[in-house]
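Novice: Line by line, the protein sequences give chains V and P. Numbering-wise, my numbering comes out as the position in the first sequence, counting from 1, plus 27. Numbering-wise, my numbering comes out as the position in the second sequence, counting from 1, plus 6. In this text, a Cβ means the ideal position worked out from N, Cα and C, and glycines have one as well.
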Amino acid sequence: MNVFRLAGDVSHLVAIIILLLKIWRSRSCAGISGKSQLLFALVFTTRYLDLFTVYISAYNTIMKVVFLALSYATVYLIYMRFRNTYDSENDSFRVEFLLVPVIGLSFLEHYAFTPMEVLWTFSIFLEAVAIMPQLFMITKTGEAESITTHYLFFLGLYRALYIANWVWRYHTEGFFDQIAVVSGVVQTIFYCDFFYLYVTKVVQGRSKMSLP
Amino acid sequence: CPIGTTKDEL
């Protein structure tokens, strides 16, 4: 555990809590892609199957359970509790275009051809692209509420901090997880365009981020 | 990480 890794996990947690609180307080999930949230719930489910097989640390177990619980709570709020506010019209990204290549890739590239390893690889690849329905929705509607952009900012920050963590671990422990690093870098690139808009529009004090 | 090592990252 290093400072980048811890800060990365904290910003991931902050992102998820921001989104959950936004939906809960406004009693609405307008502008939120339910598809992205479903994909994130699938990411956590397939990655954290090792909760049942190996014990790493109390921190590891608690964070995994928290991430799973919060992601399922978010999906519940969007699709059950506040489903009348869910904007399915604009959440029209075709998820099969992500799932099919990701499933294919995880069968081609993995550390071992075992169910656990293939599912872990699937979750890593899927996480890299899971935000795309949300970014697509923002592009389609042309705007995002500032609280939604704060959520995306912390999610992107988490990815960037994980890269710093890998650089640190490579130099201090010689640790290098090829699958995680490559897809983590790809994932972070998706946020670059958004980061630019966030800094130029939202931070400069506008309540909504509109696309040019 | 190499095969068999535990995945300690989230």
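1. So, for Asp36(V): in the same chain, excluding its five sequence neighbours on each side, which residues have a beta-carbon less than 7 Å away from its beta-carbon?
2. Our contact map puts Asn87(V) next to Thr168(V) with C-beta atoms below 8 Å; I'd like the distance itself, whole angstroms only.
3. Report the residues of the stretch 169 to 191 of chain V with a CB closer than 8 Å to any CB of chain C, ordered along the chain.
4. Looking at Ile165(V): is its Cβ nearer than 7 Å to the Cβ of Ala157(V)?
5. Output the distance between the C-alpha atoms of Ile9(P) and Ile43(V), rounded to the nearest integer angstrom.
6. Just the Cα atoms here: how many angstroms apart are Glu76(V) and Met143(V)?
7. Three or more C-beta pairs under 8 Å: does that hold for the stretch 209 to 218 of chain V against the stretch 48 to 64 of chain V?
8. Nearest-angstrom Cα distance between Val238(V) and Ile190(V)?
9. Let me make sure I understand the geometry here. Which of Leu153(V), Gly211(V) and Tyr197(V) has the alpha-carbon closest to that of Thr72(V)?
10. Compile a chain-ordered list of the residues in the stretch 130 to 150 of chain V whose CB is closer than 7 Å to at least one CB of chain P.
Specialist: Well, looking at it:
1. Listed in chain order, the non-local C-beta contacts of Asp36(V) below 7 Å within the same chain comprise Met90, local neighbours out to five positions each way being set aside.
2. About 38 Å; that fails the 8 Å criterion.
3. The structure shown has no chain C; the protein chains it does contain are V and P.
4. Judged by beta-carbon spacing, Ala157(V) lies beyond the 7 Å limit of Ile165(V), meaning their Cβ atoms are not closer than that value.
5. Residue confidence for Ile9(P) is low, a pLDDT of 48 falling below 50, so the modelled location carries little weight; the figure read from the coordinates is stated next. Their Cα atoms are separated by approximately 31 Å.
6. This sequence places Leu at residue 76(V); Glu is not what is there. Distance between the alpha carbons of Leu76(V) and Met143(V): 7 Å.
7. No, the stretch 209 to 218 of chain V is not in contact with the stretch 48 to 64 of chain V.
8. First, the amino acid is wrong: residue 238(V) is Leu here, not Val. Taking the straight line from one Cα to the other gives about 28 Å.
9. Thr72(V) has its Cα closest to that of Leu153(V), out of Leu153(V), Gly211(V) and Tyr197(V).
10. Cβ contacts with chain P: Tyr138, Ala139 and Trp147.
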